[in-house]
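Visitor: Heads up: the sequence shown begins at 90 in the numbering used here, then just goes up one per residue.
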Amino acid sequence: MSQDLDLFVLGAGSGGVRAARMAAADGARVAVAEERDLGGTCVNVGCIPKKLFVYASHVAEDAHDAAGLGWSMPRGAFDWETLLANKNREIARLNGIYAQLLDQAGVRRIAGRARLVDPHTVAVGEERYRAEHILVATGGWPSLPEIPGGELGITSNEAFHLKRLPRRVVVVGGGYIAVEFAGIFHGMGAEVTQLYRGPLFLRGFDDDARAQVAQEMRKRGIELRFDSNAVALERAGDAIRVDVSDGSRLEADEVLFAIGRHPLSADLGLEEAGVELDANGAVVVDAYSRTRVPNIWAIGDVTNRLQLTPVAIHEAMAFVRTVFGGEPTRPDHADVASCIFCQPPLASVGLTEAEARERYGAVDVYRSRFRPLKHTLTGRDEESLMKLVVEPESNRVVGVHMVGADAGEIIQGFAVALKAGATKAQFDATVGIHPTAAEEFVTMREKATS
Ligand code: NDP
């Protein structure tokens with residue numbers, strides 16, 4: 090029997106859950122189908138467990154730094170199984186909260202894989218649902234390379250469930266996930282080698298920030314090998330042998346591929362219903378997240394715009410306002426801040442220096458590198474970087490970049506200033522909080538030469 094709904098959502102990740110809840114709050118009859126755990130990538134195998142791992146990976150460093158601050162700490166031991174059990178408990182709690190939020194909003198939860206039968210009908214198992222609107226929010230999945238033995242490697246999905254902490258890890262890739270996991274495994278005591286196919290990783294971020302992260306990772310003892318890639322993997326007893334493009338060989342207990350994520354759009358009946366997919370399988374949408382089929386919409390990673398949880402949530406809110414709020418609203422993808430939780434973290438908002446030069450021609454750059462106050466006592470050889478990119482004609486700050494402790498927390502605030510169109514003069518007129526690292530952003534007066 091078919092059941093009539095105003096909205097059927099495929100996928101209960103960050104975007105799908107937000108859209109379902111908000112639409113239901115507007116009085117819509119809503120169902121959401123999920124074939125895995127509620128909360129999607131972010132809650133189960135992404136942002137949340139990753140950040141918990143990052144906290145864990147910092148402890149050895151903090152304990153080491155404690156000596157200069159007067160504390161003598163016994164050398165502790167790290168237990169992976171405890172961390173995993175605690176992490177799993179927290180994720181289960183969050184899964185429960187997501188269920189509760191959907192139930193409280195009156196959204197019907199359906200466990201199972203949904204597939205479009207036609208533009209208004211969705212099938213889950215034997216059940217058929219008729220819906221006025223359909224929202225595809227099925228997310229993405231980490232990719233594996235097509236190289237001999239590629240299947241011996243793991244992705245971030247498996248990294249969150251390893252039975253034991255690997256002693257030697259090879260990380261392949263140079264984006265968010267690769268850099269974050271290199272720091273995580275290193276902090277927990279593993280020997281880490283990271284391979285990146287280009288001359289400098291973190292393509293798309295500001296060049297000074299990229300170089301700074303590389304410098305700080307190397308200081309910590311992570312082996313970064315640029316212009317190199319894994320070309321073949323082979324089992325060697327309990328270990329995995331990695332053939333590197335430069336002809337060398339590495340041996341590791343785990344090889345983590347973090348080479349990008351692809352949209353989960355296959356076998357959903359999308360193309361048969363008339364929805365267009367691009368060459369990467371991403372659902373093609375207009376500025377309002379509408380597909381080529383007028384009543385089918387898509388948000389989040391499956392559209393491959395910006396693969397970030399807060400962006401999926403933002404797109405969900407715009408979708409609900411457009412469809413159920415009577416107010417056509419385009420999600421705004423400009424100046425979205427983000428943070429790579431490496432050690433120390435890199436966060437930024439707005440344009441890189443190179444992007445700003447391309448857009449505006451000449452730009453003013455302000456740059457500060459300094460040793461964080463804390464490390465004057467701990468003795469740690471760590472350097473922070475802060476950088477402002479200013480468009481000289483309007484005096485507007487168009488890029489803010491930081492590598493240093495708490496960069497994510499700091500840049501979040503500056504993202505508001507950038508979004509509000511703050512000028513360098515307004516940054517200068519702002520009195521700093523002393524002593525903080527963040528005050529550097531309002532005290533930089535000397536233009537840097539490139
Ligand atoms: P990214 O797209 O960030 O990076 C992929 C990396 O893999 C790039 O360095 C790329 O190199 C490299 N690569 C691609 N194909 C190959 C290949 N065949 N062989 C070797 N290297 C390859 O992807 P991630 O997997 O790191 O993360 C996916 C997305 O998830 C991110 O873009 C981000 O949007 C999101 N995310 C956000 C986080 C956060 O906000 N903190 C954390 C984790 C993920 P090249 O540069 O040369 O193309």
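The beta carbon of each residue, even a glycine, is placed where N, CA and C say it ideally should be.
Nearest-angstrom Cα distance between Val258 and Gln304?
Guide: Residue mapping note: residue 258 aligns to position 169 of the sequence shown, counting from 1. Residue mapping note: residue 304 aligns to position 215 of the sequence shown, counting from 1. Near 20 Å, if we compare the C-alpha coordinates of Gln304 and Val258.
Visitor: If you count every other CB in all the chains shown that lies within 10 Å of the CB of Phe459, and 16 or more means buried, which is it?
Guide: Your numbering for residue 459 matches position 370 in the sequence shown. Answer is exposed; the Cβ neighbour count stays below 16.
Visitor: My output table needs one value for Met90: the three-state DSSP class, helix, strand or coil.
Guide: Here residue 90 refers to the residue found at position 1 when the sequence shown is read from its first residue. Low per-residue confidence applies at Met90: pLDDT is 49, beneath 50, and the placement is therefore not dependable, though the value from the model is reported in the following sentence. Residue state, collapsed to three classes: coil.
Visitor: Which one or two residues does DSSP pair with Met475 in a beta bridge?
Guide: Stepping through the sequence shown from its first residue, residue 475 is reached at position 386. Paired residue(s): Ser457 and Met491.
Visitor: Since Leu289 contacts Ala298 with CB under 8 Å, what's their CB separation in whole angstroms?
Guide: Counting from 1 along the sequence shown, the entry for residue 289 is found at position 200. Counting from 1 along the sequence shown, the entry for residue 298 is found at position 209. That belief does not hold up - the Cβ atoms of Leu289 and Ala298 are roughly 11 Å apart, past 8 Å.
Visitor: Would you list the residues whose beta-carbon is nearer than 7 Å to any heavy atom of the ligand NDP, in the order they occur in the chain?
Guide: With the cut-off at 7 Å, the residues found are Gly135, Cys136, Lys139, Pro231, Pro234, Val261, Gly262, Gly263, Gly264, Tyr265, Ile266, Ala267, Glu269, Tyr285, Arg286, Gly287, Phe290, Arg292, Asn318, Ala347, Ile348, Gly349, Arg350, Leu395, Gln396, Leu397, Ser427, Cys428, Ile429 and Phe430.
Visitor: Report yes if the C-beta distance between Val438 and Leu507 is below 9 Å; otherwise report no.
Guide: Position 349 of the sequence shown, counted from the start, is the residue given in the question as residue 438. Position 418 of the sequence shown, counted from the start, is the residue given in the question as residue 507. Going by C-beta atoms, Val438 is nearer than 9 Å to Leu507.
Visitor: Quick one: is Gly242 buried, meaning 16 or more other Cβ sit within 10 Å of its Cβ, or exposed?
Guide: Taking the sequence shown and counting its residues from 1, one reaches residue 242 at position 153. Buried: at least 16 other Cβ atoms inside 10 Å.
Visitor: Using CA coordinates, which residue listed in Gly293, Ile236 and Ala114 is at the minimum distance from Glu442?
Guide: Working through the sequence shown from its first residue, we reach residue 442 at position 353. Selected option, being the one with the closest Cα: Gly293.
Visitor: Using 10 angstroms around the beta-carbon of Met111, count the other beta-carbons present and answer buried if the total reaches 16, otherwise exposed.
Guide: Residue 111 sits at position 22 when you count from the first residue of the sequence shown. The residue is buried, with at least 16 neighbouring Cβ atoms inside 10 Å.
Visitor: Could you check whether Gly336 and Ser146 sit closer than 9 Å to each other, using their CB atoms as the reference points?
Guide: Numbered from its first residue, the sequence shown carries residue 146 at position 57. Numbered from its first residue, the sequence shown carries residue 336 at position 247. Against a cut-off of 9 Å, the Cβ pair of Gly336 and Ser146 comes out as no contact.
Visitor: When you compare each of Val196, Leu440, Ala267 and Val261 to Cys431 by their alpha carbons, which one comes out closest?
Guide: By 1-based counting over the sequence shown, the position of residue 431 is 342. Ranking Val196, Leu440, Ala267 and Val261 by Cα distance to Cys431 puts Ala267 first.
Visitor: Can you find the residues in the same chain that come closer than 7 Å, C-beta to C-beta, to Ala362, ignoring five residues on each side of it along the sequence?
Guide: Residue 362 sits at position 273 when you count from the first residue of the sequence shown. The answer, listed in chain order, is Leu205, Asp207, Pro208, Val382 and Ile385.
Visitor: What span of residues does the beta strand (DSSP E) with Thr210 cover, start to end?
Guide: On the sequence shown, residue 210 is found 121 positions in, with the first residue counted as 1. First-last of the beta strand (DSSP E) with Thr210: Thr210 to Val213.
Visitor: At 4 residues or longer, and completely inside the stretch 243-278: list those alpha helix (DSSP H) runs for me, N to C.
Guide: Runs of the alpha helix (DSSP H) inside the stretch 243-278: 245-248 and 265-276.
Visitor: Just how far apart, CA to CA, sit Gly104 and Pro163?
Guide: Translated into the one-based positions of the sequence shown, residue 104 becomes position 15. Translated into the one-based positions of the sequence shown, residue 163 becomes position 74. The alpha-carbon atoms of Gly104 and Pro163 are separated by roughly 45 Å.
Visitor: To the nearest angstrom, how far is it from the Cα of Thr525 to the Cα of Glu269?
Guide: Here residue 525 refers to the residue found at position 436 when the sequence shown is read from its first residue. Here residue 269 refers to the residue found at position 180 when the sequence shown is read from its first residue. So the two alpha carbons sit approximately 25 Å from each other.
Visitor: Is the separation between the beta-carbon of Ala617 and that of Ala101 shorter than 9 Å?
Guide: Examination of residue 617 is not possible in this model, given that the chain is present from 90 through 539 alone.
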